[in-house]
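A.B. asks: Residue numbers (the UniProt record's numbering): 1 to 287.
All C-beta atoms in this analysis are idealised placements derived from N, C-alpha and C, irrespective of residue type, glycine included.
Sharing a structure, written as structure tokens. Questions coming.
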Amino acid sequence: METTELLKRVRRIEIKTKGLSRQIFAGDYQSAFKGRGMSFSEVRNYQYGDDVRNIDWNVTARSNDPYVKVFEEERELTVMLLVDISKSSFFGTTRQLKNELITEICAVLAFSATNNNDKVGLLLFSDRIEKFLPPKKGRGHILRIIRELLDTKPEGQGTDIGQALTYFTNMVKKRSICFLLSDFLADGYEKPLRLCARRHDVIGMHLFDPRERELPAVGLIHARDAETGQMEWVDTDSRRVRAKYTDWYENHLEYYKNAFKKSGADSMSIETTDDYTKALLRFFKAR
């Protein structure tokens, strides 16, 4: 993409999403995420009724008096955006491609975070780690995140959600709010998700196009697999073919729902025809 056109698109997204994050999501963002993390503050003498699990045994041994650790709410959070940019995200039959919707949602979340003085980081992945931006603050950093979302083209051919979760877990040690945005047309990530959810507050965002749920009966078509690039003829008039595709899609969706439920992580689905602002507001209020 030409630099001038890229900057224009970044600016358009900033204007649209910055206003939404400030006017709509500020209060809901705070109530949904603030106070979820606890950080060590100090030690003090043990008092009757204190939780014995908070006893600092090192200080207690040195002083011969029982001391407990005091924790306080973390006022500054870290928000990580884990974004699937595999080739299946560059699909759409409505006014927006999936990756365009993902970019707008990421921008809203990023501006909501920076409005609350939180850090924001970005991890782009396909079947490999495409790019990693460590968490930082500031408008300039948010604009870079938007530029990378708009302009980064995947080198990988497939999707590996498990690898992305493992990389994130290893790279970011501080407890974070992790938004994982994908069409989740993959599996094999249940264990990495469970391990990630033990340390971080993970939210899965399933983005999908209405045409992905079932094949339309439009006759014989020459179709290309977006992930592998393989071409083959598909008879969409065949009920068996359409049923097989629907089963494939529903199996992936069921795997996604079960994996997040078992891990204790939150999840939500947004169709490209949905008003994502309403979907996000419903989610934030539910937390």
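1. Cα-Cα, which of M231, L149, T94 and K98 is closest to G121?
2. Determine the burial state of G204: buried for a count of at least 16 other Cβ atoms within 10 Å of its Cβ, exposed for fewer.
3. Does the Cβ-Cβ distance between D183 and S89 come in under 8 Å?
4. Spatial neighbours of K69 within its chain, please: CB distance less than 7 Å, with the 5 preceding and 5 following residues excluded, ordered by chain position.
5. For the beta strand (DSSP E) holding F111, just list the boundary residues, first then last.
6. Taking only runs of the beta strand (DSSP E) that begin and end inside the region 196-225, which ones reach a length of at least 3 residues, in chain order?
7. Just how far apart, CA to CA, sit Q157 and V234?
8. With respect to the alpha helix (DSSP H) encompassing S263, which residues constitute its N-terminal and C-terminal limits?
9. In terms of alpha-carbon separation, which member of Y67, R211, Y245 and M171 lies closest to D50?
10. Need the endpoints of the alpha helix (DSSP H) that residue 290 sits in, please.
11. Going by the DSSP bridge assignment, what does N45 pair with across the sheet?
12. When you compare only the Cα positions, how much space is there between L195 and L77?
13. Across the region 94-103 and the region 121-134, are there enough close Cβ pairs to call them in contact, namely three or more that are closer than 8 Å?
14. What's the gap between the Cα of R139 and the Cα of K285?
15. What separation, rounded to the nearest whole angstrom, lies between the Cα atoms of K191 and G162?
16. With DSSP collapsed to three states, give me the class of D51.
17. Name the DSSP bridge partner or partners of K136?
18. In the structure shown, what three-state DSSP assignment does D274 receive?
19. Out of T159, V79, P210 and T166, which has the shortest C-alpha to C-alpha gap to I145?
20. Should L101 and C178 be called a contact, given that it needs their Cβ atoms to be closer than 8 Å?
21. Please look up how many angstroms separate the CB atoms of T152 and K136, rounded, as I've assumed it's under 8 Å.
C.D. replies: On the basis of the supplied data:
1. Position 121 of the sequence shown, counting from 1, holds the residue named residue 121. Of all alpha-carbon atoms in M231, L149, T94 and K98, the one lying nearest the alpha-carbon of G121 is that of L149.
2. On the sequence shown, position 204 is the one that residue 204 refers to. Label assigned to G204: buried.
3. The residue labelled residue 183 in the question sits at position 183 within the sequence shown. The residue labelled residue 89 in the question sits at position 89 within the sequence shown. Cβ distance < 8 Å, so D183 and S89 count as in contact.
4. By 1-based counting over the sequence shown, the position of residue 69 is 69. Within the same chain, K69 has close Cβ partners F40, V43, N54 and D56.
5. The count along the sequence shown starts at 1 and reaches residue 111 at position 111. F111 -> not in any beta strand (DSSP E); alpha helix (DSSP H) instead, spanning K98 to N115.
6. 201-208 and 220-224
7. The count along the sequence shown starts at 1 and reaches residue 157 at position 157. The count along the sequence shown starts at 1 and reaches residue 234 at position 234. Answer to the nearest angstrom: the Cα atoms are 21 Å apart.
8. On the sequence shown, position 263 is the one that residue 263 refers to. For S263, the enclosing alpha helix (DSSP H) begins and ends at R239 to S263.
9. Sequence index remark: in the sequence shown, residue 50 carries index 50 (1-based). Among Y67, R211, Y245 and M171, the Cα nearest to that of D50 belongs to Y67.
10. The shown model of the chain, from 1 to 287, leaves out residue 290, and the question about it has no answer.
11. Locating residue 45 in the sequence shown gives position 45, where the first residue counts as 1. DSSP, once it has assigned bridges, lists Y67 as partnering N45.
12. Against the sequence shown, residue 195 aligns to sequence position 195. Against the sequence shown, residue 77 aligns to sequence position 77. Between L195 and L77, the alpha-carbon positions lie close to 20 Å from each other.
13. Touching, no, given that fewer than three Cβ pairs across the two stretches are closer than 8 Å.
14. Taking the first residue of the sequence shown as position 1, residue 139 is located at position 139. Taking the first residue of the sequence shown as position 1, residue 285 is located at position 285. Rounded to whole angstroms, R139 to K285 spans 26 Å at the Cα level.
15. Taking the sequence shown and counting its residues from 1, the one referred to as residue 191 is at position 191. Taking the sequence shown and counting its residues from 1, the one referred to as residue 162 is at position 162. Answer to the nearest angstrom: the Cα atoms are 8 Å apart.
16. As a first step, residue 51 must be located in the sequence shown, where it is residue number 51. Of the three classes helix, strand and coil, the one that applies to D51 here is coil, per DSSP.
17. Against the sequence shown, residue 136 aligns to sequence position 136. Bridge partners of K136: V120.
18. For the purposes of this step, residue 274 is taken as residue 274 along the sequence shown, with counting starting at 1. In the structure shown, D274 sits in coil (DSSP, three-state: anything other than H, G, I, E or B).
19. The count along the sequence shown starts at 1 and reaches residue 145 at position 145. For the residues T159, V79, P210 and T166, the minimum Cα distance to I145 belongs to V79.
20. On the sequence shown, position 101 is the one that residue 101 refers to. On the sequence shown, position 178 is the one that residue 178 refers to. Cβ atoms of L101 and C178: not closer than 8 Å.
21. As a first step, residue 152 is located in the sequence shown; it is residue number 152 there, counting from the start. As a first step, residue 136 is located in the sequence shown; it is residue number 136 there, counting from the start. Actually they do not touch by this definition, with Cβ atoms about 18 Å apart.
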